[in-house]
Amino acid sequence: MYIREPEREIIVLDQVDVLVAGAGVSGCAAAMAAARTGARTLLVERAGALGGVATMGLMANIGNLFMDQQGRFVIEGIAREVVQRLVMRGAASDKWASPEVPGCVIDSEQLRVLLIEMLREAGVTVLTHVLATRPVLAETSTPQQRVVQGAFVETKVGRQAILAKQLVDTTGEADLASQAGAPMQWATGTASLEFKMARVDLEALYQHFRQRPETFPVGMDHVKGFAEFERNWVERGIFFFPHGGGRKWDLIQRAIEQGEFERDRGIFHGLDAAGLYGLKGQDSVIVNANFWDITSLKAPELSAAELGAQEICYYVADFFRRQIPGFARAYIVQLASDLGVRTSRAIEGAATLTSGHLTSPHPVYFDDVIGCAPARTRFVESGHFVHAHTFDIPYGLMVPKEVENLLVASGKSAPTEPHGLVRGMSNCMVLGQAAGTAAALAAAQDVIPRKLDIRLLQRTLVEQGAFLGNAERLQALKIDA
Ligand SMILES: Cc1cc2nc3c(=O)[nH]c(=O)nc-3n(C[C@H](O)[C@H](O)[C@H](O)COP(=O)(O)OP(=O)(O)OC[C@H]3O[C@@H](n4cnc5c(N)ncnc54)[C@H](O)[C@@H]3O)c2cc1C
């Protein structure tokens, strides 16, 4: 059933060079980069806090894609700056920078505040509780070529419009690209609701494994075995029990066999995943232990999953309290306020990345490189492996088809095969920084992002501290001057 919305005049709330929609780590990086490049920048966020999955989703682990096997940094720029500043605030371990550390575990509440600080320093205007609903399109737009001029937003005082020379969509699910009519792809992804338990004795859990190192799960993506887990905890103060490790943990699997715990309940599965992330000095731990297979982004399905997952977290926490060493006195101190969507909707872009690029035995180069990440292969027996070389992340990954003046910069909605190849937070910030810089340059030069001088973008990114390759590579790209 349809009804027709009456035509009406809409108040223009603001007029800027760059409008960024969605203030997760991608959007915050994009807004900072745009403002640092000189653009008048506005960042709108539908919730009341910044950081998206990383904060409201309680996903307190910035995956360590920062360095290659030799420990050389291959992600710099805003992503590294964020981690460095978290370390300075005591919100992450100062010993995280090793290829052996699977992720930089962070205090996600402090990340919220750090992002406010960094955006303020950059001169970005931030509006919260503002939902960007669809792009404002130029009247000259055709179905084949839509030209964006800003976005309509919903606020507490009704619908308004923000006009912008360039729009960066960092909503995670590419809401604005989708509403603009850009060709999209659907990825059957998963979502999880994280929770934080307090009064946890992580040392007791470590001691449990110390006495039975052979029971520590091996063959996971991250953490090769007990020895690595131990070094991370004892020497670096990082408690990292790999997500999925519970499936290979005798204690949990025995409880399932004995009918004391269920792996699957209703629409949720993988309750035995048991990803655990904590920091020494804190008595809390983030638990990553439920999955919902995303069937749709429609409100009834999303709401059922989001609300149901909150009940499921208590089911898992009750089991932890009864059976997991160190959890006897623990309680849920925080439920994520947002269901964390891994992948769902992605754009069709001017470029794509495939798993072949990611696992290539040789470096992968794109002429329109805007960032790098370590190439990697999973070795089932020995765990996560990082190659000595990198693959390039191409600019075209953020340029949607058939829509102009729009860049889509969340790793979640990037056109990769399979989806989600660059959804890690460090990659998200690389994309965000590049999109924000590109949008600012496009606004200043009055060109559409598709036609932006790629060398100018690359040079600006390098000047602003991003890593686009070693000296030889920069020379080959002629951006080393
Ligand atoms: C369960 C889970 C576990 C993960 N584990 C890890 C991990 O261990 N390590 C790692 O590095 N990465 C991990 N990831 C991936 C990573 O956390 C995310 O891909 C990344 O944080 C996404 O950041 P983003 O800014 O692109 O999107 P989001 O964090 O989704 O941010 C989007 C923001 O936009 C806002 N928004 C959405 N729609 C609108 C709109 N229409 N208007 C205005 N605002 C809007 C949202 O409220 C949100 O703040 C995980 C993800 C999930 C879901």
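Going by the numbering used here, the sequence shown opens with residue 18, and the numbers climb by one from there.
Quick reminder that beta carbons are idealized off the backbone N, C-alpha and C, glycines included.
Because the structure is a prediction, the values reported are computed rather than measured.
- Per DSSP, R476 is not a residue of any beta strand (DSSP E); the alpha helix (DSSP H) it occupies stretches across 471-480.
- By the C-beta density criterion, P23 is exposed, having fewer than 16 other C-beta atoms within 10 angstroms.
- Look at C389: its beta carbon is at least 7 angstroms from all of the heavy atoms in ligand 1.
- Straight-line spacing of the CA atoms in D335 and G206 works out to 27 angstroms.
- Setting aside the 5 residues that flank it on each side, D409 is surrounded in the same chain by V381, Y382, F383, V386, C389, each with a C-beta closer than 7 angstroms to its C-beta; the list follows chain order.
- Non-local C-beta neighbours of S195 in its own chain, meaning closer than 7 angstroms and more than five positions away in sequence, comprise M201, R362, ordered along the chain.
- Residue environment for K213: buried (at least 16 other C-beta atoms within 10 angstroms of its C-beta).
- Annotation for I303: the continuous beta strand (DSSP E) segment containing it runs 302-305.
- When DSSP reads this structure, C389 sits in a beta bridge with D409.
- The C-beta distance from A66 to M73 rounds to 6 angstroms, short enough to fall under 8 angstroms.
- Relative to the Cα of P152, the nearest Cα in the group N422, E489, A452, A461 belongs to N422.
- Short of 6 angstroms from the beta carbon of A108, and not among the five residues preceding or following it, lie these beta carbons of its own chain, in chain order: I123, D124, Q127.
- Under the three-state reduction of DSSP output, W113 falls in the coil class, being neither helix nor strand.
- The alpha-carbon of W250 is positioned some 48 angstroms away from that of G198.
- Of the candidates I465, G69, D281, the residue whose Cα lies closest to the Cα of V35 is I465.
- Here the distance from the Cβ of G80 to the nearest heavy atom of ligand 1 is below 7 angstroms.
- Note on K173: under 16 other CB atoms within 10 angstroms of its CB, so exposed under the neighbour-count rule.
- Inter-residue distance for V143 and L59 is about 6 angstroms (C-alpha atoms, whole angstroms).
- Per the C-alpha coordinates, the member of G453, V447, V164, D267 positioned closest to R57 is G453.
- Around the beta carbon of F90, fewer than 16 other beta carbons sit within 10 angstroms, so the residue counts as exposed.
- Between the beta-carbon of I364 and that of P432 there is about 6 angstroms, and that keeps the pair under the 8 angstroms contact cut.
- Distances from the CB of K173 to the heavy atoms of ligand 1 are all 7 angstroms or more.
- A contact between stretches requires three or more CB pairs, one per stretch, nearer than 8 angstroms, and the stretch 184-193 fails this requirement with the stretch 221-235.
- Distances from the CB of L132 to the heavy atoms of ligand 1 are all 7 angstroms or more.
- For E171, the enclosing beta strand (DSSP E) starts and ends at 163-172.
- As computed with DSSP, C121 is found in a beta bridge with I79.
- Under the DSSP assignment, F484 falls outside any alpha helix (DSSP H); it carries neither an H nor an E label.
- Bridge partners of T142 according to DSSP: L59.
- Shown here for A345: same chain residues with a beta carbon closer than 7 angstroms to its own, the five before and five after excluded, namely R338 in chain order.
- If you check the CB distance, A392 and T369 do not come in under 8 angstroms.
- Remark: the C-beta of D111 is outside contact range of ligand 1, defined as less than 7 angstroms to any heavy atom.
- DSSP lists F308 as the bridge partner or partners of H286.
- Going by C-alpha positions, I133 is about 20 angstroms away from Q481.
- DSSP places K297 in the coil class of the three-state scheme, outside both helix and strand.
- In this model, L448 and A52 are separated by some 15 angstroms (Cα to Cα).
- In the three-state scheme derived from DSSP, where H, G and I count as helix and E and B as strand, Q202 is classed as strand.
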